[in-house]
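**Student:** I'd like to ask some things about the structure below.
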């Protein structure tokens, strides 16, 4: 960590203004956390499931976009909680270059992983995911269909319109309501 920067922030912790002290404390935390980024990557690489999850959550908390390789690798983990956490982090950080890895998770065998991947793609407003999301409208799990409908609306893709119109006429009241909302979110033409 740059010594001058750290020393200045430590000095600012004693500033007479409380806001300056609070901001300096947060900045110091961020500096130290970024310094630890290398150790986060290493702990992900060598750690157990809990350690890998902590590493992914640390990356999300730090808003560390340089973790693309680690997060993409995590989407292929044998552990569903790691796949889901990686997808969520990619979405929150809007790491578009990792969207293909998240799109692949829409085919996961576990509904929780599929739903968290879909939500991540919604956060990214990922239009490339629309064909895979349309397939989810046929999923037997209603919660998965609801998430897919919501995310299709978030993408804004007019390509989703025919399927959403169909959903508006079929299924439970919840499905129809979500479809109506999603139709209102689509881009024109």
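In the working numbering, the protein residues as written are 300 to 488.
C-beta: ideal position from N, C-alpha, C; glycine also.
Take the Cβ of residue 462 as the centre, count every other Cβ of all protein chains shown within 10 Å, and call the residue buried at 16 or more, exposed below.
**Tutor:** Here residue 462 refers to the residue found at position 163 when the chain shown is read from its first residue. It is buried - the Cβ of residue 462 has at least 16 other Cβ atoms within 10 Å.
**Student:** In the DSSP assignment, the alpha helix (DSSP H) including residue 369 goes from what residue to what residue?
**Tutor:** Locating residue 369 in the chain shown gives position 70, counting from the first residue. Residue 369 -> alpha helix (DSSP H) spans 367-373.
**Student:** Where do the ends of the alpha helix (DSSP H) carrying residue 351 lie?
**Tutor:** Here the question's residue 351 lines up with position 52 in the chain shown. From DSSP, the alpha helix (DSSP H) with residue 351 extends over 348-361.
**Student:** How far does the alpha helix (DSSP H) with residue 402 in it extend, from its first residue to its last?
**Tutor:** Taking the chain shown and counting its residues from 1, the one referred to as residue 402 is at position 103. Run containing residue 402: 398-403, per the alpha helix (DSSP H) assignment.
**Student:** Answer yes if the segment 397-407 comes into contact with the segment 423-430, meaning at least three C-beta pairs across the two stretches below 8 Å, and no otherwise.
**Tutor:** The answer is yes - the segment 397-407 touches the segment 423-430, with three or more Cβ pairs under 8 Å.
**Student:** Buried or exposed: residue 319, going by 16 or more other Cβ atoms within 10 Å of its Cβ?
**Tutor:** As a first step, residue 319 is located in the chain shown; it is residue number 20 there, counting from the start. Label assigned to residue 319: exposed.
**Student:** The alpha helix (DSSP H) with residue 314 in it runs from where to where?
**Tutor:** Along the chain shown, read from residue 1 onward, the residue named residue 314 stands at position 15. Premise fails: residue 314 is in no alpha helix (DSSP H) and is neither H nor E.
**Student:** Is residue 378 helix, strand or coil by DSSP?
**Tutor:** Here residue 378 is taken as the residue at index 79 of the chain shown, counted from 1. Correct three-state label for residue 378: coil.
**Student:** Report yes if the CB atom of residue 352 is closer than 9 Å to the CB atom of residue 377, and no otherwise.
**Tutor:** One-based indexing of the chain shown puts residue 352 at position 53. One-based indexing of the chain shown puts residue 377 at position 78. Contact: no.
**Student:** Excluding sequence positions up to five away, which residues of its chain have a Cβ less than 8 Å from the Cβ of residue 467?
**Tutor:** For the purposes of this step, residue 467 is identified with residue 168 of the chain shown, where counting begins at 1. Closer than 8 Å at the Cβ level, and outside the excluded window around residue 467, lie 475, 478, 479, 482.
**Student:** To which residues of the same chain is residue 428 closer than 6 Å at the C-beta, ignoring the five residues directly before and after it?
**Tutor:** As a first step, residue 428 must be located in the chain shown, where it is residue number 129. Same-chain partners within the cutoff: 402, 420.
**Student:** Suppose the cutoff is 7 Å on Cβ atoms and the five residues either side in sequence are ignored; what does the same chain contact list for residue 325 look like?
**Tutor:** For this step, residue 325 is matched to residue 26 along the chain shown. Excluding positions up to five away in sequence, the list is empty.
**Student:** By a C-beta neighbour count over all protein chains shown, 10 Å radius and 16 as the cutoff for buried, is residue 406 buried or exposed?
**Tutor:** One-based indexing of the chain shown puts residue 406 at position 107. So residue 406 counts as exposed.
**Student:** Kindly list the residues whose CB is nearer than 6 Å to the CB of residue 332, restricted to its own chain and excluding five residues on each side of it in sequence; keep chain order.
**Tutor:** In the chain shown, the residue the question calls residue 332 occupies position 33. Within the same chain, residue 332 has close Cβ partners 361.
**Student:** For a quick check, are the C-beta atoms of residue 336 and residue 365 less than 9 Å apart?
**Tutor:** Counting from 1 along the chain shown, the entry for residue 336 is found at position 37. Counting from 1 along the chain shown, the entry for residue 365 is found at position 66. Cβ atoms of residue 336 and residue 365: closer than 9 Å.
**Student:** To the nearest angstrom, how far is the alpha carbon of residue 433 from that of residue 387?
**Tutor:** By 1-based counting over the chain shown, the position of residue 433 is 134. By 1-based counting over the chain shown, the position of residue 387 is 88. Using only the alpha carbons, I get a separation of about 20 Å.
**Student:** Roughly how many whole angstroms lie between the Cα atoms of residue 453 and residue 310?
**Tutor:** Translated into the one-based positions of the chain shown, residue 453 becomes position 154. Translated into the one-based positions of the chain shown, residue 310 becomes position 11. C-alpha separation (whole angstroms): 45 Å.
**Student:** Is the Cβ-Cβ distance between residue 370 and residue 394 less than 9 Å?
**Tutor:** Translated into the one-based positions of the chain shown, residue 370 becomes position 71. Translated into the one-based positions of the chain shown, residue 394 becomes position 95. Cβ atoms of residue 370 and residue 394: closer than 9 Å.
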